[in-house]
Structure formats: C-alpha cells, structure tokens
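> I am attaching a structure below and will ask some questions about it afterwards.
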Amino acid sequence: MAAQPASSTSAPTGRRPNWMQDDPGRVHRAVEHVLTHAPSGDPEAVLAAMEEFSRSAHLMIVGPAKGETVEAKMREIRPRYMAELGGFIGYSAVKFGRLLPASAEDGSGGGRYVTFEKSAEYAALARRVIAHAGLQDRCVILEGAFEDSWPRLRSELGIQALDALFIDHAKEAYLPDFKLVEEHGLVRPGGVVLADNVLVPGAPDYLAYVSAGGRYGTFIARHELFRHRLGANGEREDAISVAYIA
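See below:
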C-alpha cells in the first residue's frame with residue numbers, strides 16, 4: 000500500500016513484537032537463500048530473493064513498500080554520499096546503494112553507501128550479500144557502535160558530510176545518535192534523515208525531537224511522517240520519518 004504523509008504522530012509502543020525478534024539461524028538461512036537463488040552481480044535478484052525469504056520467515060528489513068518511500072526521497076535529492084545506522088544483513092545497502100552514481104572509468108565521481116553496523120556477525124553476513132550483488136566497490140561497512148565509529152567517515156573515507164542518512168538500528172539509539180549527527184554536521188544542509196520503525200516498535204523520543212525541529216528547534220527545516228499498512232491484511236501500521244536538514 001502506498002505511503003501516506005502525515006503531520007501527526009501516534010504513540011509508539013517502544014517494544015519489539017514477537018515477529019521482529021532476532022533468530023540467528025533464520026538470518027544465516029536467509030543469506031544462504033540469497034546466495035543460492037540470486038545470480039551473482041544482480042542486485043535486483045538479490046533483493047527479490049531476500050524479500051521472498053522474508054515473506055515466509057520474517058526478516059528485519061525495510062522491505063519494498065517502505066523502501067519505496069526512501070527511494071522516492073533519493074530521487075528527489077539525488078545523493079552521492081549516503082549512510083545507514085544498522086545494516087543487518089545487507090538488504091538496505093543493496094537496495095539503496097544500487098541507486099547511487101557509479102564511478103567513472105578513472106574511478107572518480109562515484110557514490111558511496113556507508114553502513115554503520117554494531118554487530119560483527121551481521122557485518123560479515125552483509126559483506127557477503129553486498130559482494131554477491133556486485134556492489135562491494137560502492138558499499139562499505141564500518142563495524143562498531145556509531146558513537147565510536149562515525150569519525151571514520153571523515154578520516155578513512157574522506158566524506159565530510161552526507162547527503163542522506165537512513166536510521167534503522169536499535170530504537171533507543173535513534174535520538175542519541177541523531178544528536179551526534181547534529182553536533183558534528185554529518186548531514187549537509189538540504190540533506191535528509193530518514194528513520195524506519197518510528198511507530199513499531201517505536202522511537203517516541205526521537206519522533207518528538209525531530210517533530211519539534213531538532214536542536215534549538217532550527218536544525219530541521221521540515222518533518223514528514225509517511226505511514227504504511229503492513230502485513231498480509233494490513234493489520235500493522237508503521238511509518239518512516241523524514242527530516243529535512245535546514
């Protein structure tokens with residue numbers, strides 16, 4: 000179902016439902032399913048294989064419906080540098096990284112998609128998925144907590160500011176990590192910060208903060224909430240928050 004922008008917010012639960020719980024065995028089976036069923040070097044096939052697996056054994060991925068909201072904003076601002084907080088097993092890196100500009104023959108001008116992933120296990124699985132999609136030159140994973148690893152964006156990758164940021168990691172970390180983004184100017188003016196699962200399981204403190212304009216009420220120029228009905232019968236509602244940086 001298409002996303003519906005809204006200015007109001009609902010009261011998120013803050014709890015992760017049973018269908019969102021981690022299952023290490025399932026995660027490894029998902030990666031093996033992708034490597035077995037998707038041709039190497041085909042990002043679209045990689046996405047389709049992971050979505051197919053997730054329909055019968057739920058994975059914590061943004062999925063095609065909410066992913067389209069992110070892709071629409073990418074088409075709007077045409078980012079060169081984009082990052083995500085929480086890469087899981089590489090679905091979003093492939094989905095959004097494939098849309099960034101490719102490098103010229105001399106290696107210049109290409110886009111970079113940077114994943115900050117705290118779990119070494121997830122990072123290793125994501126690297127396999129990204130390499131299978133043929134995007135290893137465009138997508139890079141930085142392991143460790145964002146609060147410790149964000150300086151590597153500048154020191155190792157030479158990226159001073161991002162055009163877009165996708166937040167999809169531990170919900171209690173949304174607000175403190177976003178404040179780091181504010182403090183250090185990690186997203187350029189005119190860029191966007193998109194956050195998934197702000198209603199389920201919910202990030203109420205983050206949602207209230209960005210709705211109020213961020214730091215001093217002036218860091219964010221505009222905030223939108225794109226609601227989605229999820230589940231086989233549309234029984235669940237979630238939303239992606241989109242904050243436009245002033």
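Heads up: the sequence shown at position 65 corresponds to 64 in numbering that gives the first Met the number 0, and the numbers run straight through without jumps. For each residue, glycine too, the CB sits at the ideal point set by N, CA and C. All values derive from a computational prediction rather than experimental measurement.
For Ala-47 and Thr-68, I'd like the C-alpha separation in whole angstroms.
If I take the Cα positions, the gap works out to 18 Å.
> Considering only residues of the segment 47 to 129, which uninterrupted alpha helix (DSSP H) runs meet the minimum length of 4 residues and lie entirely inside it, listed in chain order?
Within the segment 47 to 129, the complete alpha helix (DSSP H) runs of at least 4 residues are 62 to 76, 90 to 96.
> Is there contact here, the segment 28 to 38 with the segment 46 to 65, by at least three beta-carbon pairs under 8 Å?
Output reads yes: the segment 46 to 65 touches the segment 28 to 38.
> If I'm right that Arg-111 touches Ile-158 with Cβ under 8 Å, what's the distance once you round it to whole angstroms?
Contact flag correct, Cβ pair sits at about 7 Å.
> Grouping DSSP H, G and I as helix and E and B as strand, with all else coil, what is Ala-163?
It is a strand residue.
> Measuring alpha carbon to alpha carbon, tell me which residue in Gly-133, Val-180, Arg-226 is nearest Asp-147.
Answer by Cα proximity: Val-180.
> So the beta strand (DSSP E) Pro-188 belongs to, where does it begin and stop?
Counting along the chain, the beta strand (DSSP E) containing Pro-188 begins and ends at 186 to 194.
> Helix or strand or just coil, what does DSSP make of Ala-238?
In the structure shown, Ala-238 sits in a strand (DSSP, three-state: E or B).
> Is it a yes or a no for the segment 86 to 96 touching the segment 118 to 127, going by three-plus beta-carbon pairs under 8 Å?
The segment 86 to 96 is in contact with the segment 118 to 127.
> Can you tell me where the alpha helix (DSSP H) with Leu-34 in it begins and where it stops?
Its alpha helix (DSSP H) spans residues 23 to 36.
> Report the three-state DSSP secondary structure of Phe-220 (helix, strand or coil).
In the sequence as presented, Phe is not what sits at residue 220; that position holds Ala. Here Ala-220 sits in strand by DSSP.
> Can you find the residues in the same chain that come closer than 7 Å, C-beta to C-beta, to Val-93, ignoring five residues on each side of it along the sequence?
Closer than 7 Å at the Cβ level, and outside the excluded window around Val-93, lie Pro-42, Val-45, Leu-46, Val-128, Ile-129, Ala-132, Leu-134.
> Which two residues bound the contiguous beta strand (DSSP E) that contains Leu-141?
Start and end: 138 to 142.
> Can you check whether the CB of Leu-152 is closer than 8 Å to the CB of Val-192?
Not a contact, by the Cβ cut-off of 8 Å.
> Give me the Cβ distance between Ile-244 and Gly-190, rounded to the nearest whole Å; I'm assuming they're in contact under 8 Å.
Indeed, because the Cβ distance is near 5 Å, the residues count as touching under 8 Å.
> Taking 7 Å as the limit between beta carbons, can you name the residues of its chain near Glu-116, skipping five residues before and five after?
Excluding residues within five positions, the ones whose Cβ falls inside 7 Å are Gly-85, Gly-86, Ala-122, Ala-125, Ile-140, Glu-142.
> Suppose contacts are defined by Cβ-Cβ distances below 8 Å. Is Phe-225 in contact with Val-241 by that definition?
Yes. Within cutoff.
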